[in-house]
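Presented below is the structure to which this report refers.
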Amino acid sequence: MGAALGGTGERAAPMAWCRETLIHTMPLFVSFVKKKFTIRTKKIRLLGRTGVSRWQELWKSAAVREQWSTPDRAVIALAARLQHEQKRRVYDLGCGPGRHTLYLARQGFEVYASDHAPVALTYCRQRLAQEGLVATLTEHDMGVIPYPDRFFHAVIAFNVIYHGLYARMQQVVATVQKKLTAGGYFLFTLLSTRHSHFGQGIPVEPHTFIDPEAEEKSTPHHYSDQEEVLLLTRGMRLLSVEEVDQRAWGGKGTGGWHWVVLAQVPDAGQPQEADPSRV
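The working numbering runs 2 ahead of the 1-based position in the sequence shown.
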């Protein structure tokens, strides 16, 4: 019976051989997995770098610029709130050709803006000059806000921070919080998991995909659910969250679901945590 169980006898040798084989091949397997993971990581980083050139091409199109020329109603509402509170200094993160930069400058705000696509900034500068408006524009990645902490009364980031991995989004939100004054506002959008493109393309991590067939081809897109909205705004007052179909609002069809989020850096004595009942 002992031989049948492989404790002694003829079957013990094959069992020992299996154990030895496993011991010797495991490091090779681990090495292979690590190399495969490393190659995939480098590929993702390379794709991220090519995203800038893709936006360069997109913003050269007059039709694309026209498509993104109308200020969003949430920005218009925030501008009215800021004027009422006599808050003037606003940062437009990922401004593109400047639909919100131009609107805020027209309303008399002290506007700062950045984008990683030089052609978008060139077009924005031209529009500002044509209208006799003033704004400070800089070329930067979305993770860089080159101004002192507690400098801005509001930061807006429309259709920007979800271009990347989730950890990248967290880093951008943390940077924005540091740059806002007490009582400052952060108005931003996230792709919703209800979006028609959710799940399409190459999965990079949970809820993040690269779709080679999409307009932005090489750029990772992260999609958020309601729980993630709460996690991202932890430490801020969550004033409003709305799930909006941007395509329907813009007359371009349906399925373009985004979260539109307004959060506020609390003053002393205000609650720090997001309020789930507001979602």
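No residue lacks a Cβ here, since even glycine has one placed at the ideal position from N, Cα and C. Quantities reported herein were computed from a predicted structural model and do not represent experimental measurements.
Excluding the 5 residues preceding and the 5 following residue i in the sequence, name in chain order all residues of the same chain whose CB lies nearer than 7 Å to its CB.
| i | result |
| --- | --- |
| Q173 | G145 |
| A79 | none |
| D269 | A184 and G185 |
| K180 | D151 |
| D143 | H118 |
Rounded C-beta distance between residue i and residue j? I'm assuming under 8 Å.
| i | j | result |
| --- | --- | --- |
| A137 | T103 | 5 Å |
Looking only at its own chain, which residues have a Cβ that is under 6 Å from the Cβ of residue i, when we skip the five neighbours before and after it?
| i | result |
| --- | --- |
| R196 | W259 |
| Q85 | none |
| K89 | H155 |
| A107 | V113, L135 and A137 |
| Y125 | P99 |
| L192 | Y164, S226 and W261 |
Going by beta-carbon coordinates alone, are residue i and residue j separated by less than 8 Å?
| i | j | result |
| --- | --- | --- |
| L139 | L123 | yes |
| F190 | V263 | yes |
| C97 | D74 | no |
| V92 | I147 | no |
| F188 | M238 | yes |
| V231 | V246 | no |
| A115 | D94 | yes |
| L233 | Q266 | no |
| W261 | S194 | yes |
Buried or exposed: residue i, going by 16 or more other Cβ atoms within 10 Å of its Cβ?
| i | result |
| --- | --- |
| V162 | buried |
| F176 | The sequence given here has Ala at residue 176, not Phe. Exposed, because fewer than 16 other Cβ atoms sit within 10 Å of the Cβ of A176. |
| Q128 | exposed |
| P150 | exposed |
| R101 | buried |
| S226 | buried |
| A82 | exposed |
| R236 | exposed |
| P99 | buried |
| A169 | exposed |
| A65 | exposed |
Per DSSP, what are the beta-bridge partners of residue i in this structure?
| i | result |
| --- | --- |
| H224 | T210 |
| P148 | Answer is none; P148 lacks a bridge partner. |
| F111 | F111 pairs with nothing; no bridge assigned. |
| H260 | L193 and V246 |
| R239 | Q266 |
| F154 | L182 |
| H117 | The identity of residue 117 in the sequence shown is Asp, whereas the question assumes His. The partner list for D117 (beta bridge, DSSP) reads E141. |
| F188 | V157 and A265 |
| P205 | F211 |
| R91 | E112 |
Suppose the cutoff is 8 Å on Cβ atoms and the five residues either side in sequence are ignored; what does the same chain contact list for residue i look like?
| i | result |
| --- | --- |
| E215 | Q202 and G203 |
| T111 | In the sequence as presented, Thr is not what sits at residue 111; that position holds Phe. Excluding positions up to five away in sequence, the list reads A81, L84, R90, R91 and V92. |
| P105 | The residue you asked about is not Pro; residue 105 is Tyr in the sequence shown. Contacts found: P73, V77, I78 and A81. |
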